[in-house]
């Protein structure tokens with residue numbers, strides 16, 4: 003079969019969905035010798051060879067996609083990130099991956115995206131032959147909010163980004179100043195559901211209760227919401243130097259931070275999967291994370307859970323992990339074992355089985 007892949011077209015700072023695409027395609031191309039894969043769009047951001055079918059991104063997507071597929075007939079189109087509509091004269095299997103329904107569930111935070119999720123993605127989900135969800139929790143949301151039958155939604159977990167990027171060398175990086183610091187790490191995007199403000203408030207509460215603790219909090223990720231965090235921290239000048247905002251970091255720097263940290267913390271209100279939790283587990287770190295949505299699927303019994311809606315609960319979880327060395331080491335022993343349950347090899351094998359259902 004000929005299988006076309008739709009994903010994001012990125013030039014720099016490859017994150018999120020692009021990592022999922024690279025992870026899946028790297029393994030699919032290893033195990034599948036029967037099918038031919040094509041990428042619909044640019045491929046210069048990838049680090050493997052795959053034939054490209056050119057389409058113009060972000061301009062008349064549906065018209066161009068349908069026109070393109072009349073010239074390049076495919077057996078399956080699988081979109082990793084966005085809805086698509088194919089005309090009846092473009093007969094092929096349609097697979098849509100849905101990572102989460104966050105804007106649909108939090109319209110007060112994502113008003114501009116609500117209609118997109120309520121109309122475009124809903125329509126594409128209804129028209130798709132199969133929907134791929136990245137967790138059982140996301141599947142539950144899809145079934146509940148879109149009224150899709152359970153049999154149509156298949157769960158294919160995310161895995162870890164190819165390990166060749168996991169270098170420990172950060173010579174010349176400004177992060178080297180953290181070499182001798184004792185810190186807990188949080189890796190997060192900027193959405194309100196990521197609960198960065200709640201995390202900082204919980205950390206400051208922990209510091210107020212444990213004034214002799216030298217632990218610091220390091221936050222990585224886009225800087226757009228940092229001013230809100232700075233405003234909170236500035237109200238506590240006695241501990242303000244204990245909250246470090248790095249901004250965006252490279253893959254090498256990120257792995258260095260994971261390995262150097264005492265523990266990892268992730269207290270998002272909602273996740274479709276929770277890749278940072280899996281990344282931290284994979285390097286054997288004690289993890290503190292939310293007891294909500296998909297995160298218990300990823301963390302299993304290998305993490306310290308907390309209620310992200312309660313600052314006291316998050317603060318207590320920090321205390322349990324930071325102050326109790328025995329408990330922290332128990333989590334570290336479980337971490338890698340739990341992480342090994344997830345891999346793009348396993349995910350690619352499951353995805354290939356889904357593709358095979360379209361064979362004629």
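Residue numbers (our numbering): 3 to 362. Backbone N, C-alpha and C define an ideal beta-carbon position, used for all residues, glycine too.
268 is the residue among 218, 268, 110, 317 whose C-alpha sits nearest the C-alpha of residue 196. Here DSSP, grouped into helix, strand and coil, assigns residue 187 to strand. Taking C-beta atoms as the reference points, residue 30 and residue 350 count as a pair closer than 8 Å. In summary, residue 90 is exposed, with fewer than 16 beta-carbon neighbours lying within 10 Å of its beta-carbon over all protein chains present. Of all C-beta pairs linking the stretch 185-193 to the stretch 262-278, three or more are shorter than 8 Å, placing the two stretches in contact.
In terms of CA proximity to residue 41, 5 leads the group 5, 360, 185, 127.
Cβ-Cβ distances below 7 Å link residue 201 to 188, 267, 269, 316 in the same chain, with the five nearest sequence neighbours on each side left out; the list follows chain order. Collapsing the DSSP output to three states places residue 275 in coil.
For residue 268, DSSP records a beta bridge to 291.
If you draw a 10 Å sphere on the C-beta of residue 141, you find 16 or more other C-beta atoms in it, and that means buried.
The C-beta distance from residue 305 to residue 324 rounds to 14 Å, too long to fall under 8 Å, and the pair is not in contact. The secondary-structure analysis by DSSP pairs residue 53 across a beta bridge with 40.
Taken atom to atom, the span from the alpha-carbon of residue 329 to that of residue 84 is near 42 Å.
Excluding five sequence positions before and after residue 231, the CB atoms of its chain that fall closer than 8 Å to its own CB belong to 198, 199, 202, 221, 245, 247, given in chain order. Three or more Cβ pairs closer than 8 Å define a contact, and the stretch 205-215 falls short of that threshold against the stretch 355-362. Within the stretch 185-243, the complete beta strand (DSSP E) segments at least 3 residues long are 185-189, 218-222, listed from N- to C-terminus. Look at residue 155 here: in three-state DSSP terms it is strand. If you compare the alpha carbons of 299, 262, 307 with that of residue 286, the shortest gap goes to 262. With respect to residue 133, residue 144 sits close: the two C-beta atoms are nearer than 8 Å. The DSSP-derived three-state label of residue 23 is helix. For residue 97, the secondary structure class from DSSP, reduced to helix, strand or coil, is strand. Annotated as distal: residue 186 and residue 256, with beta-carbon spacing of 8 Å or more. Buried is the label assigned to residue 278, since at least 16 other Cβ atoms lie within 10 Å of its Cβ.
DSSP places residue 362 outside any alpha helix (DSSP H), giving it a letter other than H or E.
When 150, 138, 108, 111 are compared, the shortest CA-CA separation from residue 124 is found for 150.
Beta-carbon to beta-carbon, residue 23 and residue 7 are separated by about 7 Å, close enough to satisfy the 8 Å threshold.
Beta-bridge partners of residue 182 (DSSP): none assigned. Straight through space, the alpha carbons of residue 93 and residue 309 are spaced by roughly 47 Å.
If you look at residue 247, you'll find it in the beta strand (DSSP E) that goes 245-249. Nearest C-alpha to residue 234 among 252, 224, 207, 253: 207.
By a beta-carbon distance limit of 8 Å, residue 112 contacts residue 104. Their separation comes to about 7 Å. In this structure, residue 98 keeps its C-beta atom at 8 Å or more from the C-beta atom of residue 147.
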